[in-house]
Every structure is written in C-alpha cells, then in structure tokens.
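Okay, so here's the structure we're looking at.
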Amino acid sequence: MPTPVLSIILIATSLTVPELCSAHCIVYPTQLMDSLAGKKKKGRGVGEQEGRVRSERVQWESPPENGIPELTTFPFLTAAAASFSSPCPVAQCGVTYDRKAIIINGQRKILISGSIHYPRSTPDMWEGLIQKAKDGGLDVIQTYVFWNGHEPSPGTYNFEGRYDLVRFIKTAQKVGLYVHLRIGPYVCAEWNFGGFPVWLKYVPGISFRTDNEPFKMAMQGFTQKIVEMMKSESLFASQGGPIILSQACFLPLTEGIRRRKSWNGLFVSTCLSIVPWMQIENEYGPESKALGSAGRSYVNWAADMAVGLGTGVPWVMCKEEDAPDPVINTCNGFYCDSFTPNKPYKPMMWTEAWSGWFTEFGGTIRHRPAEDLAFAVARFIQNGGSFINYYMYHGGTNFGRTAGGPFITTSYDYDAPIDEYGLIREPKYGHLKELHKAIKLCEQALVSADPTVTSLGSLQQAHVFSSESGGCAAFLANHEPNSYAKIMFNNMHYNLPPWSISILPDCRNVVFNTAKATNIYFIPVKLSKIGVQTSQMQMYATNTQSLMWERYDEEVASLEENSLITATGLLEQINVTRDTSDYLWYITSVDISSAEEFLKGGKLPVLTVQSAGHALHIFVNGQLSGSAYGSRENKRIKFSGNVNLRAGTNRIALLSVAVGLPNSGVHYELWSTGVLGPVVLHELDEGSRDLTWQTWSYQVGLKGEDMNLNSLEGASSVEWMQGSLVQNQQPLTWYRAYFDAPDGDDPLALDMASMGKGHVWINGQSIGRYWTAYAPKENCKSCSYTGTYRSPKCQSGCGQPTQRWYHVPRSWLQPTRNLLVVFEELGGDATKIALMKRSVSSVCADVSEWHPTIKNWHIESYGEPEEYRKPKVHLRCAPGQSISAIKFASYGTPLGTCGNFQQGACHSPNSHTILEKKCIGKEKCVVAISQSNFGGDPCPNVMKKVAVEAVCSSAVQPIT
C-alpha cells in the first residue's frame, strides 16, 4: 500500500506533533475548505492567500510506539483531485461528512432524531421517554434550550427540576443516544414569548433579533453560558459526552482560516472536539427578509458569534436559506424532499419533520396520519436526506404559564409517537419504527451513491442506489393519491398503494411500504391499513375517594384600596405586570346623576371596551357584568353589554387576562396586550361618556396569588368555606381539596370538564391553565392519508372542549394528603372534578398473510437455511392490564379500521375462538397468520389477512 500522506495548511506557525495527532479529529471536504478560503487569485495557491497561510505536505514515515508519527516535509501538492476514500484511521478520526451523509469513524450514517423538550415533562419521565425513543429506532434526541426558564431575571439562573438541562443530556447519554442541542436562544415552539425572558424587553434601547447591540450582547451572554456549562460538565463527545451528531464543524472565516490538516481531500480541523450539532437562531428566514440589511447583518453576526465560541461544533440555522458559512441551513416543514442546502458540501438535514400540530383553546385536535408522515420521510431519504428529526416525538405538557401563542393549550401532545402522558401512540410509533428499520437496512447503499431516478409512470418513480461493493437499494414511489399503481421494476411486478413508497433493501424484496402491507387489492383507499398494532386510549376513574372541597372568594370590593399604580389613561398590560401574573385589574369610577333616565326604568347604559387581548371580565360594583375572549387568529376583543349602574359613584373594574405571550412574528416584543381602549359608556342622558382618559388604578395579579393560596403554606393562611357553600358557582373563586395518591403507575389526569377557565396546582406546582373552550362543530370529516397534508386536514373533537384532561405527573405526588388548588375565573362546579388514570382501552391488529417482514428479507437475501417466517399478529395491553375479551376477529378479507372492523366476503369461522384461546387473560399475545392456525383456507387463491380488536381491562371501568 502507498504511504499515507497528510496535507497541512498552517497559520503563521507550525502545528506541534501532539496537535497533529490528537485522538479526536474533525474532517472537512476539500471543496468546502477551498470555498471557505475564497477564490484563488491567478497564479496563487490557497496557502498564499492574503500572505497569511503557508502549505506543506507531510508524510507519515511510520507510527512510533507512542502513537505520534514522525513528520517529513514535502513540497506542497494540491488536494483538488484527491479522492473521498477513507480519510484516516478510525483511531485518528471520529467524525466527518460529505455531501452524501454524516460519517462516524469512517462510515457514513443516516441519523434519525426526535424532539423531546425537557421542561415539558418531568425528570422522572425522562429516562422512560428516551428509552422508548431508542426502542423506536431513534439515534438522537433533539431539544431547545429555554432561556426564560433558565434566566428568569437578569443574572439569576435556574437549572433545577424540569430545567435541569445537564441531567437531561446525561440521561440521553445513559440510554445510549446522541443529543442535538438547539440553543436558539429564540425557540418559537409555541412557548411563552418564544423562549425570551420578558425582562429582556425592558433592556434600554433593545430591539429583538436584529442588528442591535443590546440584544446581541444579551444573546451572546446566554449562549456562552450554555456552551460553557456543557464544557464544564464534559458533555461534548471529545470529553466523553453524548452531544455528538456526526457532523464536522466549519471554521469561521471572520477569524481567518484556522489551523487545518487534510488527507486525501478531506480537511481536518485541529482537534477541537468530536462534533455535536448546535443551533443558533431559529426559523429566521421571514424576519431576515422583512428586516433587510439589518437582518442580514444580524444573521452574519450570529453565525460568527456562535462559531467563535470555540466549541468545535457545527451550528445550524433552520428555515434560513442564506445561512452564512460555516452555519448549515436546514429545513422545517411537513415535507422537505425538495429542499436543497445552500452549498453543495453541506448535508441535507430536516430539523423539524412535523409529526402533528399544536392545539389552541377553542380549536379542534389536529392529527397527521402515520402513513403520510412515513411517506414524507421516505421521500426525503430517497432524495438524499441524511438527518431527520421528528418534531415532536414526545410533545409533553405546557406546565405553569409556559404556553405561548397566545391561546396555546396546556397539552402539547402534538399527535406525537409518544403521547403527552408518555404512552406509546399506535399505530404511529410502530409504523415509524418499522420505517426506521427499513431505512437502516438500506443505509450502506443510500450513502454510497446518488440515486438513479427512473420514471415508472406519470406519477411513479424508482430511486435506485448502487454501491461500489455491489449493494443495491430501491425506493419505489407512487405519488398518485387516489389509486394503486402496478409497475414493473427489475423484471418483477409490484403493486404500490396510493401515496406511498415501497422500500427494497436489495432492489428485489419489499420490506416496508409507507401506506400499509403490500399487495392488498381490496382495501378502500381512505382507510388506514398499517400492519402494526393500533391502540385506543381511555380515561379511567381512580380509586381515590370523592374530593372534599373548600372555597375562598377572591376579593373584588377592596381592589382600589390595594392599588399601587395610578395613571391617567390606559396602560399596556405586560408593561405593568412584567408577566409576573396573567391578571391585571383596570379600575376607575363613574359618577351617575340620580336624574338619569335609565334609573327611572329606562334602558340600561351600554359599556363598550376594546382590548388587545386576550380575555376580559367586566365587573361593575363588584358584580360580573360580562366577559369577552379573543382567539389565536383574532386576539383583539370588543366587549359591548348593558351595565347596571346606580346613582352616585360606581366602580368599574376590568380584569384583563393574558393567555400566553406571542412566540413568533417580526418584532413581536412590541405587540400589545390588555385594555388599550377606547372604553365608552353609551346611552346616558348626555349621550356617550369616554372613560379612556380618566384616572385609572391598576392592580397586578389576584389577591389569592399574592397570598400564595396555591402553595402548601399559603393555603393555610385564610379561612376556607366548607359544606353547601362550596357548591355556589360564582366567578373569581379559589377551591382546595386533599387527596391520596392512587395505586399503580398509570399516568394521571384531572377531568376539568365541569369548570370554566382558570389555573390548577398540585402541591404548589402548576399543572397549567385550563379552559373549557369548545371547538367548532364542523370540519371533523373523514380523513384520508393520501394527498398533501396540511394541519386543518385531519381534525377531531368538533363540538367538544378543546382540552378536558390535564396531566398530573406522579412524581409531584406524595403518598397521602396531596393539596389540589383551583382558581376559577367564571364559575364552575368543583365537586365534579375527578382524578383519572390514562390507559389502553383496546388494541387492534390488521396484518396481511404476505405482510413484508425484515426477517424474511434476510432469509431471501442471504440464503439462510431457515423456514420462511409467517407474519404474526401482535397484541399488547398496558402494564398491569390483560386482554379480557376479543371484540372482533376475522381471518379472511375483513374490512374497516380499528373500532369499526367488519367481516368481508371471506371469513374463517374459527377466527374468534382461535384468538380467544391464544390471548384471553394475557398482557400480550402473538398469533402467526397461517392456514393451519385457523383451521384451513377459507377462500383459496385469495389474499387473506387477520383483523382483530381486543379489549384491555384492569380492575376499574372506563369513563365514557
């Protein structure tokens, strides 16, 4: 073999031998380094650019005993024609990439990631969630870093509890997954104020996310804080940590070309660290375009600042087409197969593959079919994608007042593969797991060559990947949304379901189809027929005794006496509250003459109030006169209603309520909230009276908040009413009750359907905002997985409260006497609040007798002397449950979906009995699909399958 040769580009002084031979090296493609160095002037080499860099060619004579090679200098030879063969020994080189894929220890990799946001679950949940992610085929956990959670006031930091970022990353390390850290520090994420602390808004002279020195100084300070914390905890891979996403970092041009080494056309940075992915900024494209040159300058500064921190990590910007080198631009969206990086040497990355959609109070629940999500991922992979992140893989809960929007619900379930409570959502989880297995089987071929694309019809294509070693993988796509396609590929016939891709790791055998099991002709297009288990969740009553409620009424009569702020005119809400509370009182007085006509039986005056949002309650002389609400689409409110005034002085108190602060939009820090007027009394004898510029008093928050009635200590500081008085439903009321922790380990939730709007706490910790706002009655139509998906396409919950159940983390409970506190704004029936368990109610399977399996692919591809594996029906209830009944079973040609199965023209009468014998009384069961198992062939020469629905039961009964 020829002696390996190493090209070195040095700045000013030579590298020392230890620098050259560190165990961790980061490798860059030559074409990238040439681009970073800039265009060469005629007759000048890269090493001569700007007179700052000299070039040498170094040969390893032989590795000495200490592992440090001796060096011999040779004349410089250009690396432009160098090959992309293995860049260096595994021991010498950890991570690199080229345009095809991420490379780990010399091997290109396809990486699959999932978003799990640490503050949206509890530390006790983290390991279970991450383990389920790993079991589902993920390599990486992605998370934002939430600035407002970590720095609630300037210089005061919080890294405890749900904000223990280090613990979260170390948990991923323990489970065996990498971490993609998205510092931002702007996160969007439907998170309060987009992740920015509200105090940032009040830094003198500040303007968010633009070329503004106060903002850049604050942003750099927090970013540097997180980077230094990661270093101090040894969380970068070069330190033995998990933050590594198989991508080499770029070098900052603004600081000149730093020390670099190359070998066979791959440049090696000077051993900064093995590389994690890090993100600076977030979805800045729209802002950059809107802000023009200031936005462009800010993007360049952010890139330079991030890389200049010296972490050795690659930084990415999502949805930023003009992300400057060395930052990598990435894609977010429902589909990203048409995305192209802005430089040919950058990998094709999908940082947010939206697995579902968020929910807003008063809206429906949005779902994304698993078939379409799998189809989108397969399209991305077949077009050269190398990194996919599901946003979200587990959505979790917006505890406290962390939900943004505004109007985002406390639940951030997102229709993710792992639901809000940490339970696996089938069929999405299982279907994607099988997809990931299929992709990994194709990995070597995928990363070895560009695909050969062949048309198989008007909307059908084959993407074929062939490696130099003879490996072959194919993706057969049918983009037709309404019909199957029969195609010929490699002299074999294939049947492609609508809107699907079949994956063939050997260019012959189908191991996975994104829509369903292959070769099934009789399935209606609009029905989901994924060949994995489907589970249905239900809420069950716990064994907790009925709650004994007590009540405390929020004081309204003494509001003005406690006001600390008085001003002429109306003030913007957040400027007054600084977001320390959702609530701000606007209080003024109105004098009414005893001669007013309405006091003699005439028509009552009308009060109109215009507000910038988000909710408003009108009190006149201590009595609620009406309420008004905005929405996410129209945040502004206009209240108009009759008010019962009396002769003399009347007090008007407007309670303005925020429902989360905005999290996106150009300069959203300037958006207003609260009552800004005009406020006008109409139909007085004088006509109309404008109250806008009267003297107004302000009170931040509620008296109960000030007394900490939601805490264990504060709840004992007042006298609570008991007995029949508790049932009096009135606005602005505090309730409390105590309960013991339910048995078992099923996830828990509060049923708040009997309440109106407010907040709820357990043992002093905020579950979040609740609001029994009803979704519109229309738009919940049947949903087909076929055709381009958008968030309004598949909706449920029409005519129902957007959110009824509120997650109660078990780790927040003690064995006995847990304090439950509720603040109700409107008036609800607290006696009907119930603590529930969430568990599986039924499981289904729908599997063809020729369902493609990876085990059979191995048998056929490698000729293993093993019997052909029959597809199997797998049913599994939740831990602590067992299969109590078989609700439906059919071996033949059954129709329908889980919960609505029907017998088809072909049916084996033994189906039900066979499944009962195999499964009743068991937590899980497996039944092979074979004629012998079901007592013969009910319809010869017809493709058959098994559809089954089983009931899962425990000691309690479900709530309907």
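Those letters in the sequence shown? Residues -23 to -1, 1 to 937, by mature numbering (1 follows the signal peptide of the UniProt record, and there is no 0). The beta carbon of each residue, even a glycine, is placed where N, CA and C say it ideally should be.
Pull up the distance between the alpha-carbon of residue i and that of residue j, whole angstroms please.
{"i": "Y868", "j": "K921", "result": "7 Å"}
{"i": "E755", "j": "S608", "result": "17 Å"}
{"i": "K463", "j": "K864", "result": "35 Å"}
{"i": "T429", "j": "E826", "result": "32 Å"}
{"i": "L581", "j": "D392", "result": "49 Å"}
{"i": "A426", "j": "A454", "result": "19 Å"}
{"i": "S92", "j": "L158", "result": "10 Å"}
{"i": "L88", "j": "Y134", "result": "33 Å"}
{"i": "A195", "j": "N486", "result": "56 Å"}
{"i": "H344", "j": "Q515", "result": "17 Å"}
{"i": "L689", "j": "T200", "result": "36 Å"}
{"i": "W334", "j": "T374", "result": "14 Å"}
{"i": "M369", "j": "A351", "result": "14 Å"}
{"i": "I906", "j": "A866", "result": "12 Å"}
{"i": "D662", "j": "E573", "result": "6 Å"}
{"i": "N887", "j": "G721", "result": "37 Å"}
{"i": "Y95", "j": "E104", "result": "11 Å"}
{"i": "M729", "j": "A811", "result": "7 Å"}
{"i": "T99", "j": "G733", "result": "27 Å"}
{"i": "L668", "j": "V156", "result": "56 Å"}
Restricting to Cα atoms, I'd like to know which of the options is closest to residue i.
{"i": "C165", "options": "N259, A866 and P778", "result": "N259"}
{"i": "G356", "options": "S479, V850 and L576", "result": "Per the sequence shown, the amino acid found at residue 356 is Arg instead of Gly. Residue S479 is the option with its Cα nearest to R356."}
{"i": "P162", "options": "F173, V152, W476 and G310", "result": "F173"}
{"i": "E696", "options": "D720, E527 and L796", "result": "E527"}
{"i": "E531", "options": "D556, Q600 and G546", "result": "Q600"}
{"i": "G741", "options": "A605, S768, T511 and L686", "result": "L686"}
{"i": "P871", "options": "H884, A750 and P263", "result": "H884"}
{"i": "S602", "options": "L584, S98 and A807", "result": "L584"}
{"i": "L547", "options": "V652, S446 and S888", "result": "V652"}
{"i": "V677", "options": "I257, T557 and V925", "result": "T557"}
{"i": "N627", "options": "K847, Q150, I569 and F213", "result": "I569"}
{"i": "W278", "options": "P301, W782, I810 and Q772", "result": "P301"}
{"i": "F442", "options": "W711, A807 and V424", "result": "V424"}
Spatial neighbours of residue i within its chain, please: CB distance less than 8 Å, with the 5 preceding and 5 following residues excluded, ordered by chain position.
{"i": "P917", "result": "none"}
{"i": "T545", "result": "W670, Q671, T672 and W673"}
{"i": "residue 989", "result": "Any answer about residue 989 is impossible in this case: the structure gives the chain only from -23 up to 937."}
{"i": "K417", "result": "I87 and G114"}
{"i": "P394", "result": "G91, G113, S332, Y367, Y370, H371, I401, R402, K405, Y406 and L409"}
I'd like the list of long-range same chain contacts for residue i, defined as Cβ closer than 6 Å, with 5 residues on each side in sequence excluded.
{"i": "C419", "result": "A450 and P482"}
{"i": "E210", "result": "V143"}
{"i": "E900", "result": "C854 and S859"}
{"i": "R713", "result": "E527, A692 and V798"}
{"i": "C313", "result": "W327 and F357"}
{"i": "P639", "result": "Y645 and W648"}
{"i": "V122", "result": "I160 and I203"}
{"i": "G448", "result": "Q421 and A422"}
According to DSSP, what are the bridge partners of residue i?
{"i": "L661", "result": "G664"}
{"i": "T120", "result": "L158"}
{"i": "F192", "result": "In DSSP, F192 forms no bridge with anything."}
{"i": "A822", "result": "V925"}
{"i": "S867", "result": "A924"}
{"i": "E527", "result": "R713"}
{"i": "N490", "result": "S479"}
{"i": "C902", "result": "L852"}
{"i": "S558", "result": "None; S558 has no bridge partner."}
{"i": "H784", "result": "A726"}
{"i": "Y675", "result": "I542 and Y563"}
Can you find the residues in the same chain that come closer than 7 Å, C-beta to C-beta, to residue i, ignoring five residues on each side of it along the sequence?
{"i": "T187", "result": "L268, A271, G272 and Y275"}
{"i": "H659", "result": "P582, V583, T585 and S665"}
{"i": "N309", "result": "E260, C295, K296, T328 and E329"}
Quick check on the DSSP output: what are the complete beta strand (DSSP E) runs of length 3 or more inside the stretch 449 to 481, in order along the chain? If we require 3 residues or more, the beta strand (DSSP E) runs fully inside the stretch 449 to 481 come out as 449 to 455, 462 to 466, 469 to 473 and 477 to 481.
Threshold first: 3 residues or longer. Then list the beta strand (DSSP E) segments lying entirely within the stretch 689 to 742, N to C. 710 to 716, 725 to 728 and 734 to 739
Which whole runs of the beta strand (DSSP E) in the stretch 278 to 343 are 3 residues long or more, in chain order? 292 to 295, 305 to 310 and 326 to 331
Unbroken beta strand (DSSP E) runs of length 3 or more, entirely within the stretch 577 to 664: which are they? 583 to 588, 592 to 597, 600 to 606, 614 to 619, 625 to 634 and 652 to 661, all fully within the stretch 577 to 664.
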